[in-house]
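Heads up, the sequence shown is in the working numbering, so the first residue is 18 and it goes up one at a time. I have placed the structure first, in the form of C-alpha cells, so that the comments after it can refer back to it.
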Amino acid sequence: MTDSQQLVIDTSVSRVALTPGISFTQLWRREWQVKQQGAVQWLYPLVLFLMIITLFPLAVGSEPQMLQRLGVPAVWIAALLSLVMGVDGLFKPALDNGTLAQLVVAKASLPLWVLIRLAIHWLFSSGFVALLSLLAVPLFGLSWFEASILMASILTGSPMLLMLSAVASSLTLSLKNGAVLVPLIALPMQLPVLIFATGAVDLFATGLNGLPILALLLAGSIVSVLAMPWVISMTLKMSWLN
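So this is what it looks like as C-alpha cells:
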C-alpha cells in the first residue's frame, strides 16, 4: 500500500471526532477502523514471515538434527523481520494527514493514542505470528512442547521489540528517508531480546528451566509498554512542532 492510499484511509475515518477529552473507546474505534481498512498492508509482514520459515528448510536441507537446531532462531528472525517491516508506517501517515496535529490541538492523550495504535498493530502482527510459529512443528521437526515455548517467547518478547521499533520510527519521522534508518537504529537494541528468547527455548529443549528468562522478557515488555509511549509521544510532538 502506498503512502497516498494510507492517507486516504486515515482521512476516511477522521469522522470520529477528535474533540477535547476524547475517550479511550473513541481512540480505539478509530484506530481499529484504520487497521481494518488497511488490511492489505498488515498482511505483508505475515506473508514475509511465512515465506522465510517455508523457504528456510528448503535452503538448509532435510537433515532432521540441523533443522531442529536452527528452527527456533529461524522462526525468531522471521518474526523480528516481519515486525520491523510494518513499523515505518506507524506514525508517518498521522503526521502527514493532520491526525497528529488534531490530537495535539484537541489536548488528547498522546501516550494513550500511541499505546492504542501500537497495541492494535501488535495484535495484527505479532499476535498472528505467534500462532503461525506453530508451523515450526512440521517444517523444522520441533516437538509441540518446544513449539509452544517458542510461541510463548514470541508473545512475551515481541511487545518490547515493537516498542523499540516504534521509538526508532518516531526518531526518524521528520527525515526524508527515515524508513531506511529504522531497522539500523532498532536492530542493535533488539538483538539481546532475540538472544534471550532463543536461549529460553533451548533451555526447555534440554530439560532445564527457562522460566526465569521468559519472566525477564515479560518484565521487560511490561516496563516498555508502560514507559515507551510517553517517550514516543514527546518525540512525535517535537516532530510535529518542527
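We put the CB at the ideal spot given by N, CA and C, even for glycine.
- Approximately 6 angstroms separates the beta-carbon atoms of A183 and I249; this is inside 8 angstroms, confirming the contact.
- Selection A123, V154, F162 and M180 evaluated against A136 yields M180 as nearest (Cα-Cα).
- Taking a 10 Å sphere around the C-beta of A236, we find fewer than 16 other C-beta atoms and assign the residue as exposed.
- The residue among A217, I70, S150 and L151 with its C-alpha nearest the C-alpha of L233 is A217.
- G174 is the residue among L120, V131, G174 and L65 whose C-alpha sits nearest the C-alpha of M206.
- Shown here, A123 sits in coil according to DSSP, grouped into three states, outside any helix or strand.
- Collapsing the DSSP output to three states places G144 in a helix.
- By the criterion of a C-beta distance shorter than 7 angstroms, L152 is surrounded in its chain by I70, once the five residues flanking it on both sides are discounted.
- Here A185 is near I202, since their CB atoms are less than 7 angstroms apart.
- A contact is defined here as three or more CB-CB pairs under 8 angstroms, and the segment 150-166 fails this definition with respect to the segment 121-135.
- Put simply, of Q82, L190 and A96 the residue whose alpha carbon is nearest the alpha carbon of L172 is A96.
- Non-local C-beta neighbours of L190 in its own chain, meaning closer than 8 angstroms and more than five positions away in sequence, comprise F108, K109, L112, T252, L253 and S256, ordered along the chain.
- Counting along the chain, V248 sits inside the alpha helix (DSSP H) bounded by residues L228 to L258.
- Setting aside the 5 residues that flank it on each side, W59 is surrounded in the same chain by K52, G103, F141 and S142, each with a C-beta closer than 7 angstroms to its C-beta; the list follows chain order.
- Residue burial annotation: F41 is exposed, with fewer than 16 other C-beta atoms found within 10 angstroms of its C-beta.
- For T42, the enclosing alpha helix (DSSP H) begins and ends at F41 to Q54.
- Taking 7 angstroms as the cut-off, the beta carbon of V101 is found closer than this to the beta carbon of P200.
- With contacts defined as CB atoms closer than 7 angstroms, V77 and P176 fail to qualify as a contacting pair.
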